[in-house]
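> Line by line, the protein sequences give chains A and B.
First residue of the first sequence? That's 355 in the numbering used here, and the numbers climb one at a time after it.
First residue of the second sequence? That's 11 in the numbering used here, and the numbers climb one at a time after it.
Where a beta carbon is used, it is the ideal one built from N, C-alpha and C, also for glycine.
Keep in mind it's a predicted model, so treat the numbers as computed, not measured.
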Amino acid sequence: MNIFKIKKILTSTVTHTILIAVALTCVFPVFWMISSSLKTQSQIFSSMSLLPGPLLDILNWNWSNYITAFVKADFGQYFFNSVFYTVVGVFFIILISSLAAYAFSRLEFRGKNFLFYLLIATLLIPIPGVFVPLYLLLKNLSLLDTRTGLLLCYISNGLAFAIFLLKGFFDELPREIEEAALIDGASRFGIYWRIALPLAKPAIATLVIMNSLTIWNEFLLALVVLQDKAKMPIQRGLMVFQGTYITDYPLLMAGLTIATIPIVIVYLLMQKHIVKGIAAGALKG
Amino acid sequence: MKITPKEKLGNFIFVIPALVLFLIFSLYPILRTFELSVFQWNGIDKNMLFVGFAQYKHILFNNPAFWKSMANAGIITVLALTLQNGLALLLALLVTKNIRGENIYRTIFFLPPVLSGIVVGLIWKFVFDGNFGILNHFLTSIGFSNFADYAWLSEVRTALFSVAVVHMWKGFGYGFIILLAGLQTIPVELYEAAEVDGADSWQQFKNITFPLLIPIFTIVSILTILGSMQIFDLIYSMTRGGPAGHTHVPITKIYEYMSNGEFGYSTAMAVVFGMVLLIISFAQIYASKKLNYNNR
């Protein structure tokens with residue numbers, strides 16, 4: 355064996371050792387959460403075994419934690435609320451932003467450039483603490499502690515980036531098809547709806563995923579806007595649960611797992627779109 | 011094609027929904043922040059008391075707790091800029107060398123960033139727990155018996171550092187993904203040419219990778235600064251600012267003042283904090299431009 359080969363094997367070993375060590379650090383806390391969610395309270399207090407029991411005995415692990423979490427600890431309600439906020443929020447973000455982005459890309463109207471740059475400016479300038487005036491605004495509109503109030507905040511938060519991304523996408527599309535349709539007598543709205551929107555599917559897919567993650571994981575606005583447990587999304591519900599049953603770790607971990615599973619599934623299926631969205635957001639900005 | 015005024019009006023309808031929402035729920039709150047910051051107001055009284063810049067003055071000169079929170083966020087940010095981004099860069103360089111399992115590593119490293127701050131905070135709070143946490147169990151089992159019931163998050167010495175570790179755990183994958191995307195835009199031909207000229211891998215890194223990566227590293231740094239300074243979910247779920255204010259950060263401070271009904275004061279704090287963020291971002295852009303010129 356020559357020295358180059360030895361050096362190569364050595365480098366490769368070191369590389370993979372580092373990468374595997376970091377990967378284990380990433381996965382372990384998530385594994386620990388799931389494992390703990392299937393233990394009993396006394397197992398949490400007395401043993402630190404990696405698994406809740408022997409692997410062959412998997413059916414006898416404490417699965418009832420999940421039933422308790424869903425039914426008695428309100429996680430079913432929180433989960434449904436989160437699904438509702440995410441689906442409705444993302445739908446309106448896409449609808450409203452694609453209409454505006456199409457207009458910014460193709461149509462003429464007064465104040466077009468000014469409006470677009472105003473929108474982009476709010477993306478670039480860091481503005482912390484807007485939740486204070488938002489709270490007062492919702493209070494004045496009698497939208498405090500309502501689903502509508504929280505949704506309006508979520509939708510509005512997602513618009514600027516979505517318009518920015520979609521306008522860029524529409525700008526790249528060839529205009530010929532649309533001009534032909536216009537001569538054939540199609541309305542502007544018809545062209546947007548039947549031609550431009552279907553063509554923008556890749557960009558829309560990225561936006562759906564990104565905004566779903568954002569809304570599902572959002573906490574601060576849910577904290578400021580909502581007091582009523584029946585309307586809370588799951589992130590807010592987790593904190594309420596944790597505040598009430600501080601030491602009920604198995605049930606808390608079951609709640610955390612319920613809040614995490616949809617995100618992880620979407621992430622594993624849609625990875626490419628997420629990575630594309632992150633890269634687009636960062637490298638263009 | 012000539013556009014009639016009527017058509018222009020029709021075109022405008024496309025942006026009306028976005029415009030209305032944006033004006034009411036994004037722009038108006040931003041402007042309102044500035045307006046409220048010169049009033050003393052509890053959010054309920056009919057009359058708001060105009061106090062000019064008095065609240066700003068108080069924040070700047072008489073509120074050490076706020077500056078303490080700023081320093082805490084600063085410490086988290088500096089740790090993230092160095093350790094977290096250093097790790098992200100190292101991993102991106104390792105993964106980009108066409109190694110086996112690139113996709114698996116990429117998938118795993120980006121898992122923490124997609125989890126919510128609350129979920130991550132609560133998992134780690136459990137891991138750090140003095141009595142039932144696996145961290146102390148592990149440390150005891152390898153011989154550090156004095157950690158048997160050490161409460162990481164309630165001890166002044168370790169609370170902030172522990173939160174920072176979790177923040178970096180959650181964040182490094184984000185920088186990793188962006189840096190990896192940046193590395194893959196560097197043309198392979200450059201390295202091939204360097205190879206032909208006899209440049210070793212350190213020289214290749216110093217003369218090709220590093221200079222071409224500066225703009226992307228700047229973006230990652232700015233995102234890290236903005237994200238770390240505005241940390242909230244992790245703090246709220248792990249310590250709520252405790253013990254005795256040792257992990258308070260600006261956003262938890264603003265939230266605290268708002269919860270106590272000091273609406274004017276909390277918005278003045280938000281403006282001061284926003285200005286600090288703006289200055290840091292500009293300084294960062296300026297520094298990286300300078301670095302860029304010096305390299306040419």
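Grab me the residues of Phe485/A's own chain with a C-beta within less than 7 Å of its C-beta, minus the 5 sequence neighbours each way, in chain order.
Hits under 7 Å: Leu574, Leu575, Val578.
> Buried or exposed for Gly271/B, please, with buried defined as at least 16 other CB atoms from any protein chain shown within 10 angstroms of its CB.
Answer is exposed; the Cβ neighbour count stays below 16.
> So, helix, strand or coil for Phe242/B, using DSSP?
In this structure, Phe242/B counts as coil in the three-state DSSP scheme.
> Could you tell me how far apart the beta carbons of Pro122/B and Trp179/B are, in whole angstroms, since I believe they sit closer than 8 Å?
Indeed, because the Cβ distance is near 6 Å, the residues count as touching under 8 Å.
> Whole angstroms is fine: what's the gap from Arg501/A's alpha carbon to Lys493/A's?
Cα to Cα, Arg501/A sits roughly 13 Å from Lys493/A.
> What residue range does the alpha helix (DSSP H) around Leu413/A cover?
Here Leu413/A belongs to no alpha helix (DSSP H), and DSSP marks it neither H nor E.
> Can you check whether the C-beta of Trp77/B is within less than 8 Å of a C-beta belonging to chain A?
No - not a single Cβ of chain A is within 8 Å of the one on Trp77/B.
> Return the CA-CA distance between Ala534/A and Ile26/B, expressed in angstroms with no decimal places.
Going by the C-alpha atoms only, they are around 27 Å apart.
> Are there 16 or more other CB atoms within 10 angstroms of the CB of Met285/B, so buried, or fewer, so exposed?
Per the 10 Å Cβ criterion, exposed.
> Where do the N-terminal and C-terminal ends of the alpha helix (DSSP H) with Asn82/B fall, by residue?
First-last of the alpha helix (DSSP H) with Asn82/B: 74-89.
> Who are the neighbours of Gln94/B on chain A, taking C-beta pairs under 7 Å?
Those do not exist, as Gln94/B stays about 12 Å from chain A at its closest Cβ, beyond 7 Å.
> At which residues does the alpha helix (DSSP H) containing Tyr599/A begin and terminate?
Run containing Tyr599/A: none; DSSP gives neither H nor E here.
> Quick one: list the residues of chain A neighbouring Tyr115/B, beta-carbon separation under 7 Å, in chain order.
Per Cβ cutoff of 7 Å: Leu373, Ala377.
> Check distances from the C-beta atoms of the segment 479-492 of chain A to those of chain D and list, in chain order, the residues that come in under 8 Å.
The question asks about chain D, but that chain is absent: this structure's protein chains are A and B.
> Using C-beta distances below 6 Å, list every residue in its chain close to Arg306/B, excluding the 5 sequence neighbours before and after it, in chain order.
For Arg306/B, the pLDDT reaches just 46, beneath the cut-off of 50, and the residue's location in the model is therefore unreliable, although a value from the coordinates is still provided. Contacts found: none.
> Using C-beta distances below 7 Å, list every residue in its chain close to Leu477/A, excluding the 5 sequence neighbours before and after it, in chain order.
These residues qualify, in order along the chain: Ala514, Phe515, Phe518.
> Going by DSSP, name the residue or residues bridged to Phe49/B.
Phe60/B.
> Quick one: Cα of Ile569/A to Cα of Ser247/B, how far?
Going by the C-alpha atoms only, they are around 18 Å apart.
> With 8 Å set as the bound, which would you pick, yes or no: does the beta-carbon of Tyr471/A sit closer than that to a beta-carbon of chain B?
Cβ-Cβ to chain B under 8 Å: no for Tyr471/A.
> Which runs of the alpha helix (DSSP H) spanning at least 4 residues fall entirely within the segment 357-411 of chain A, listed in chain order?
The segment 357-411 of chain A contains these whole alpha helix (DSSP H) runs: 357-391, 395-400.
> Near Asn565/A, what residues of its chain come up, given a Cβ to Cβ distance below 6 Å and the 5 sequence neighbours on each side ignored?
So the list reads Val444, Ile447, Gly512, once near-sequence residues are dropped.
> Would Pro197/B be called buried (16 or more neighbouring beta carbons within 10 Å of its own) or exposed?
The residue in question, Pro197/B, is exposed, as its Cβ has fewer than 16 Cβ neighbours within 10 Å.
> To be precise: take each residue of the segment 495-507 of chain A, compare its Cβ to all Cβ atoms of chain B, and keep it if any distance is under 7 Å. Which residues remain?
From the segment 495-507 of chain A, only Leu506, Cys507 have a Cβ closer than 7 Å to chain B.
> Between the segment 144-160 of chain B and the segment 90-97 of chain B, are three or more C-beta pairs nearer than 8 Å?
Counting Cβ pairs under 8 Å, fewer than three are found: no touch.
> Kindly indicate the opening and closing residues of the alpha helix (DSSP H) around Gly147/B.
At residue 147/B the sequence reads His, which differs from the Gly that was named. That run of the alpha helix (DSSP H) goes 144-151.
> Between Arg529/A and chain B, is any beta-carbon pair separated by less than 8 Å?
Judged by the 8 Å Cβ criterion, Arg529/A is not in contact with chain B.
> Would you decide whether Pro528/A is buried or exposed? Buried here means 16 or more other CB atoms lie within 10 Å of its CB.
That one is exposed.
> What did DSSP end up calling Pro587/A once you bin it into helix, strand or coil?
Three-state result, Pro587/A: coil.
> With Leu132/B and Gln431/A assumed to form a contact (beta carbons below 8 Å), what rounded beta-carbon distance in angstroms separates them?
Not quite, the Cβ-Cβ distance comes to about 19 Å (not below 8 Å), so this is no contact.
> Select from the segment 123-150 of chain B all residues with a C-beta closer than 7 Å to any C-beta belonging to chain A, and list them in chain order.
Cβ contacts with chain A come from Val124, Leu125, Ser126, Gly127, Ile128, Val129, Leu132, Ile133, Trp134, Phe136, Val137, Phe142, Ile144, His147.
> At a Cβ threshold of 8 Å, is Asp243/B touching chain A?
So yes, Asp243/B belongs to the interface.
> State whether the segment 550-559 of chain A contacts the segment 593-610 of chain A, with contact taken as three or more CB pairs (one from each stretch) at a distance under 8 Å.
The segment 550-559 of chain A is not in contact with the segment 593-610 of chain A.
> Examine chain B for any beta-carbon lying closer than 8 Å to the beta-carbon of Phe420/A, and answer yes or no.
The displayed chain sequence assigns Tyr, not Phe, to residue 420/A. Tyr420/A does not count as touching chain B.
> In whole angstroms, give me the CA-to-CA distance for Cys507/A and Ile218/B.
C-alpha separation (whole angstroms): 45 Å.
> Taking C-alpha atoms, which residue in Gly251/B, Phe283/B, Ala102/B lies nearest to Val376/A?
Selected option, being the one with the closest Cα: Ala102/B.
> Run the CB neighbour count on Leu490/A, radius 10 Å, all protein chains shown included, and call it buried at 16 or more, exposed below.
The residue is buried, with at least 16 neighbouring Cβ atoms inside 10 Å.
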